[in-house]
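Numbering (the working numbering), first residue to last: 9 to 321.
The beta-carbon is built from N, C-alpha and C at its ideal position, and this holds for glycine as well.
All remarks here apply to the structure that follows.
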């Protein structure tokens, strides 16, 4: 049996159990790249009371043998909900690796359902809808989705490419953005089809250590940009890879022009990763973005992982 409650603070043994659980789970799930939750962020958000909610799940005391003492109640997992606007939250679930496959999440949803429009939102969280990514398409996520009729609303593919030089015959060249004039850079980014948060990340990365921001421009200004994180990420069969963690093109581009811009940006990121001694580069492509998927495949990227987004509403 399980019990669960929204917790604005945890102390003593419960707090330590949750921290240990999240650290162990992160190590256990590193290779398949499943969801992780940073225990320091949990502690900070509980103390800050900033709207982030944490549903902590406990596994009840249970016998370990017919004549022995019961195993005491223990923290079994946590669901973290981060406000994302308009009554929605981004949700992340982590269950103790030692307690998986015994139906903890299945039992929780059977008891509480997946109805978000009730007064107080889903499970009284205050959120009318929850979006949750299953990083690496965790096999349990598909079974839970089918059982509860949760829609799969987005697919994102992790694509990987060996670091090789881009062709000298590219019709456009991507150049590194190094200007220290922030106001001028903000003007260049004005027409990029990115969120404010993504734009700010791109701006902050210009000229910073450990990152490169590559741009493609024309007479109208900047029409494409990619932020390359050079902190190595290991990928089987490739090795140490850089990560294109933000990729944007101007919203005014037609399909053919956007294809040309991406064809310049993606190989340039691979070449820059090679120049600092990395073995490959990673890019993330929404499955619905036909142009990005086509260009990435044509420039040598291969599929490594699928992330699936589910919704409760």
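### Message
In whole angstroms, give me the CA-to-CA distance for residue 139 and residue 96.
### Response
The residue given as residue 139 occupies position 131 in the chain shown. The residue given as residue 96 occupies position 88 in the chain shown. Taking the straight line from one Cα to the other gives about 7 Å.
### Query
Counting Cβ pairs, one atom from each stretch, are 3 or more of them under 8 Å apart for the region 274-282 and the region 207-224?
With the cut-off at 8 Å, the region 274-282 and the region 207-224 touch.
### Query
When DSSP labels each residue in this structure, what does residue 251 get in the three-state scheme?
Indexing the chain shown from 1 puts residue 251 at position 243. Assignment of residue 251 by DSSP, reduced to helix, strand and coil, places it in the strand class.
### Task
Could you tell me if residue 89 is buried or exposed, where buried requires 16 or more neighbouring beta carbons within 10 angstroms of its beta carbon?
Translated into the one-based positions of the chain shown, residue 89 becomes position 81. Per the 10 Å Cβ criterion, buried.
### Buried versus exposed, by CB contacts within 10 Å (16 or more), residue 146
Walking along the chain shown from the start, residue 146 turns up at place 138. With 16 or more other Cβ atoms within 10 Å, it is buried.
#### Entry: Local conformation of residue 271 per DSSP, three classes
In the chain shown, residue 271 corresponds to position 263, counting from 1. The answer is helix: DSSP assigns residue 271 an H, G or I state.
### Query
Is residue 42 close to chain B, meaning its C-beta is less than 8 Å from at least one C-beta of that chain?
Absent from the structure is chain B; it holds one protein chain and no more.
### Message
In this structure, how does DSSP classify residue 321 when only helix, strand and coil are distinguished?
### Response
Your numbering for residue 321 matches position 313 in the chain shown. The three-state reading of DSSP puts residue 321 in coil, since its state is none of H, G, I, E or B.
### Query
residue 188 by DSSP, collapsed to three states: which one?
Residue numbering aside, residue 188 sits at position 180 when the chain shown is read from its first letter. At residue 188, the pLDDT of 47 sits below 50, so the modelled position is not reliable and the matter cannot be decided from this model.
### Query
Apart from the five residues just before and just after residue 63, which ones in its own chain have a Cβ nearer than 6 Å to its Cβ?
Within the chain shown, residue 63 is the residue found at index 55, counting from 1. Scanning its chain for C-beta atoms nearer than 6 Å, with the 5 sequence neighbours on each side dropped, one finds around residue 63 the residues 12, 14, 87, in chain order.
### Top-ranked residue by Cα proximity to residue 318, from 166, 46, 94, 101
As a first step, residue 318 must be located in the chain shown, where it is residue number 310. For residue 318, the nearest C-alpha among the options comes from 101.
### Message
Using 8 Å as the threshold, is the C-beta distance between residue 162 and residue 40 below it?
### Response
What you label residue 162 is simply residue 154 of the chain shown in a count that begins at 1. What you label residue 40 is simply residue 32 of the chain shown in a count that begins at 1. Cβ distance not < 8 Å, so residue 162 and residue 40 don't count as in contact.
### Query
Can you list, in chain order, the residues of its chain whose CB lies under 6 Å from that of residue 27, leaving out five sequence neighbours each side?
In the chain shown, counting from the first residue as 1, residue 27 sits at position 19. The answer, listed in chain order, is 47.
### Query
Are the beta-carbon atoms belonging to residue 149 and residue 316 less than 8 Å from one another?
On the chain shown, position 141 is the one that residue 149 refers to. On the chain shown, position 308 is the one that residue 316 refers to. Their beta carbons are under 8 Å apart, which means residue 149 touches residue 316 by this criterion.
### Task
Report yes or no: do the region 115-128 and the region 287-304 share at least 3 C-beta pairs separated by less than 8 Å?
At 8 Å Cβ cutoff, the stretches do not touch.
### Query
Relative to the alpha-carbon of residue 306, which residue among 169, 60, 265, 240 has its alpha-carbon at the smallest distance?
The residue given as residue 306 occupies position 298 in the chain shown. Between residue 306 and the set 169, 60, 265, 240, the nearest pair of CA atoms involves 169.
### Message
Please state whether the Cβ-Cβ distance between residue 68 and residue 49 is less than 8 Å.
### Response
The count along the chain shown starts at 1 and reaches residue 68 at position 60. The count along the chain shown starts at 1 and reaches residue 49 at position 41. Their beta carbons are not under 8 Å apart, which means residue 68 does not touch residue 49 by this criterion.
### Task
Give the DSSP-derived three-state secondary structure of residue 168 in the structure shown.
On the chain shown, position 160 is the one that residue 168 refers to. Annotated three-state conformation of residue 168 is strand, per DSSP.
### Message
For residue 274 and residue 304, I'd like the C-alpha separation in whole angstroms.
### Response
Taking the chain shown and counting its residues from 1, one reaches residue 274 at position 266. Taking the chain shown and counting its residues from 1, one reaches residue 304 at position 296. If you take the alpha carbons of residue 274 and residue 304, they lie about 7 Å apart.
### Message
Just checking residue 21 against the ligand PLP - is the residue's beta carbon closer than 7 Å to any of the ligand's heavy atoms?
### Response
Absent from the structure shown: the ligand PLP. Ligands present: none.
### Query
Apart from the five residues just before and just after residue 159, which ones in its own chain have a Cβ nearer than 6 Å to its Cβ?
Residue mapping note: residue 159 aligns to position 151 of the chain shown, counting from 1. Closer than 6 Å at Cβ, skipping near neighbours: 319.
### Task
Note the first and the last residue of the continuous alpha helix (DSSP H) segment covering residue 301.
In the chain shown, counting from the first residue as 1, residue 301 sits at position 293. In the DSSP annotation of this structure, the continuous segment of the alpha helix (DSSP H) that includes residue 301 starts and ends at 298-306.
### Task
Find out if the Cβ-Cβ distance for the pair residue 238, residue 284 is shorter than 8 Å.
For the purposes of this step, residue 238 is taken as residue 230 along the chain shown, with counting starting at 1. For the purposes of this step, residue 284 is taken as residue 276 along the chain shown, with counting starting at 1. One thing to note: residue 238 has its Cβ within 8 Å of the Cβ of residue 284.
### Task
Go ahead and pull the three-state DSSP assignment for residue 176.
Counted from its first residue, the chain shown places residue 176 at position 168. Only weak support exists for where residue 176 lies, its pLDDT of 45 falling under 50; the value from the coordinates is given anyway. Coil at residue 176, not helix or strand.
### Task
Find the nearest neighbour of residue 141 within the set 132, 152, 133, 134, judged by alpha-carbon distance.
Against the chain shown, residue 141 aligns to sequence position 133. Ranking 132, 152, 133, 134 by Cα distance to residue 141 puts 152 first.
#### Entry: Minimum length 3: unbroken beta strand (DSSP E) runs contained in the region 89-170
Qualifying beta strand (DSSP E) stretches, in chain order: 96-103, 137-142, 160-170.
### Per DSSP, the bridge partner or partners of residue 17
Sequence index remark: in the chain shown, residue 17 carries index 9 (1-based). DSSP output for residue 17 lists no bridge partner at all.
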